[in-house]
Amino acid sequence: MVPIVIIGGGVIGSAIAYFLTLQQPGCEVVVLERDPSYARASSALSASSIRQQFSTDINIRISAFGIDFLRNVGTLLACHGDAPNIGLHEGGYLYLATAVGAATLRDNHALQRQLGADVTLLSPAQLQKQYPWLALQDVALGSLGLSGEGWFDGYLLLTALRKKAQSQGVRYLADEAVGLDLARSDGVQHVQAVRLRSGGNLPCRFAVNAGGPWAAAIASWAGIALPVVGKRRTVFHLSSPAELPRCPLLIDTSGIWLRPEGRGFIAGFAPPADQDADFAPLEPTYNAFDNHVWPTLAARIPAFEALRLQSAWAGYYEMNTFDHNALVDLHPACDNLVFANGFSGHGLQQCPAVGRGLAELMHTGSYQSLDLSPISIQRLVDQRPLLEKNII
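Each residue of the sequence shown is one higher than the one before, counting from 1 in the working numbering.
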């Protein structure tokens, strides 16, 4: 049997492999992963969280399936009697908005509630009562996820998906894809095989681009321009003697995010566009802590005057520069090259729904559960961006 070949064995590629062999036992799937240690993988370096607080129907529906999957990982991904525990903590997201952003929070909330998300709006007085450690002088409104939102161990999710996929017959090869063998008919290309760094090639029924930040290079082998780049994001590990009871994942009006991590906290931010180079070296931006993160957090949480930086790491966001949303499905220029790219920081929470949907697409020719066509790569061809207001 000619296999389905998945290029990239991170959380997206592994979720697709898992669902392919779950939906059709015996389906032959090969995953190519050039770095089995995952030392530079976004899946391993992510802050690993999930939220329902999006502004588009499709992203909310994707997350609804995602949280259900994560809640049941121990059962769904149990392997040889071992039930994985990814440490899911539904601590919620808390978005803070100034007067300028309050209307957007209200609009988003209406859609979120319509789709069943457990989200509530909080006035400054309600915020002060619930979180007395916050300084709210510029805050007009807050939006809090009461359930279905929180954080987990992304690396454990990746390893659980990989182990389960392997137990279902998926083969992982420590090799690198370096090109595609293509045929053309009536102006449409067809991938016949994936070329390997080790030499030779792998014939395939479908080739799946799950290359993360490096997905554009894979697309270019088929002459397809993919607006996906790696954007460095630093995660700061912090300690403070301050106690923040019931601290959620906080999204400050400045764009800085903060959440509990063990006995301390982790935090991060997106740099200004003119300082956000593509594929910047994966070195933490330590100076940003002193110059921006610490003073901003101390203004929002006065007890954080005593904040201390313990460590930091950096990873790549797989950024879709077209509209910051996932790009999935087949591209009209190639009838068997499947895209699963551009998640822009949402890959860990969106991998269950996208993995399930793309497996359905390859097995049946269409989506059978959640229709993922709103995030189809076709919108690049049509120049029709999907605008998501809640981008972190």
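Backbone N, C-alpha and C define an ideal beta-carbon position, used for all residues, glycine too.
A quick note: this is a predicted structure, and the numbers were derived from the prediction, not measured.
Sequence-distant residues of the same chain with beta carbon closer than 6 Å to residue i, five excluded per side
i      : result
Ala102 : Ala140, Leu141
Gly150 : His89, Glu90, Gly91
Phe265 : Leu238, Leu258
Arg205 : Val2, Ile4
Arg34  : Glu176
Ala207 : Val5, Val191, Val194, Leu337
Gly187 : none
Close Cβ partners of residue i (< 8 Å) along its chain, the five nearest in sequence each way excluded
i      : result
Tyr367 : Gly357, Glu360, Leu361, Ser373
Thr104 : Ser55, Ala97, Lys389
Gln166 : Tyr172
His190 : Leu182, Ala183, Arg184, Cys334, Asp335, Asn336
Paired residues, beta bridge with residue i - DSSP
i      : result
Ala340 : Val328
Arg171 : Val30
Ser239 : Arg308
Thr104 : In DSSP, Thr104 forms no bridge with anything.
Trp151 : Ser49, His89
Arg195 : Gly179, Asn201
Lys231 : Asp278, Tyr317
Ile6   : Val31, Val208
Asp82  : Cys79
Gln189 : Arg184, Cys334
Tyr367 : Looking at the DSSP assignment, Tyr367 forms no beta bridge with any residue, so it has no partner.
Leu94  : Leu144, Leu250
Residues of its chain near residue i, where Cβ-Cβ distance is below 7 Å and the 5 sequence neighbours each way are ignored
i      : result
Val293 : Phe236, Ile256, Ala267, Phe269
Arg232 : Ala280, Leu282, Ala314, Tyr316
Gln24  : His363
Phe339 : Asn209, Leu327, Val328, Asp329, His331, Ile377
Leu77  : Pro84, Ala160, Leu161, Lys164
Phe69  : Leu76, Pro352
The alpha helix (DSSP H) enclosing residue i, as first and last residue numbers
i      : result
Gln349 : 347 to 364
Leu202 : Leu202 -> not in any alpha helix (DSSP H); beta strand (DSSP E) instead, spanning 201 to 203.
Ile16  : 11 to 23
Arg259 : Arg259 -> not in any alpha helix (DSSP H); beta strand (DSSP E) instead, spanning 257 to 261.
Leu249 : Counting along the chain, Leu249 falls outside any alpha helix (DSSP H), though it belongs to the beta strand (DSSP E) covering 249 to 251.
Thr296 : 294 to 300
Ala222 : Segment: none, Ala222 is in no alpha helix (DSSP H) and carries neither H nor E.
Bounding residues of the beta strand (DSSP E) (the contiguous stretch that carries residue i)
i      : result
Cys65  : Going by the sequence as given, residue 65 is Phe instead of Cys. Counting along the chain, Phe65 falls outside any beta strand (DSSP E), though it belongs to the alpha helix (DSSP H) covering 57 to 71.
Tyr131 : Looking at the DSSP string, Tyr131 is not in any beta strand (DSSP E), and its letter there is neither H nor E.
Leu141 : 141 to 145
Val381 : That residue, Val381, is in no beta strand (DSSP E); its alpha helix (DSSP H) goes 378 to 382.
Leu244 : Careful: Leu244 lies outside any beta strand (DSSP E) and carries neither H nor E.
Met267 : Met is not the amino acid found at residue 267; the sequence shown has Ala there. Note, Ala267: beta strand (DSSP E), 264 to 268.
Thr120 : 119 to 122
Residue i versus the options, residue with shortest Cα-Cα distance
i      : options                        : result
Val178 : Arg171, Trp214, Gly365         : Trp214
Arg71  : Pro84, Arg61, Cys79, His80     : Pro84
Gln137 : Ser123, Ala242, Leu146         : Ser123
Leu157 : Ala99, Val73, Ala217           : Val73
Gly87  : Arg106, Glu261, Glu28          : Glu261
Leu238 : Gln192, Arg171, Ala306, Gln189 : Ala306
Arg113 : Ala125, Val100, Ser143         : Ser143
Arg300 : Tyr95, Ala277, Tyr155          : Tyr95
His324 : Pro271, Pro385, Gln310, Phe304 : Pro385
Thr159 : Ser14, Arg51, Tyr93            : Ser14
Val31  : Ala117, Gly169, Phe69          : Gly169
Ser369 : Gly145, Ser147, Gly26, Phe65   : Phe65
Tyr93  : Gly148, Ala174, Ser43          : Gly148
Ala217 : Gln52, Glu318, Arg61           : Glu318
Leu134 : Ile60, Ala174, Pro245, Leu115  : Pro245
Below-8 Å beta-carbon distance, residue i vs any chain C residue
i      : result
Leu297 : In the structure shown, chain C cannot be found, because there is only a single protein chain.
Contact the stretch 221 to 230 vs the stretch 27 to 39: 3+ CB pairs below 8 Å: no
The stretch 284 to 293 contacting the stretch 191 to 208, beta-carbon criterion three pairs below 8 Å: no
Cβ contact check for the stretch 376 to 383 and the stretch 43 to 53: 3 or more pairs under 8 Å: no
Sufficient close CB pairs (3 or more, under 8 Å) joining the stretch 337 to 351 to the stretch 2 to 22: yes
The stretch 111 to 131 in contact with the stretch 165 to 179 per 3-pair CB rule at 8 Å: no
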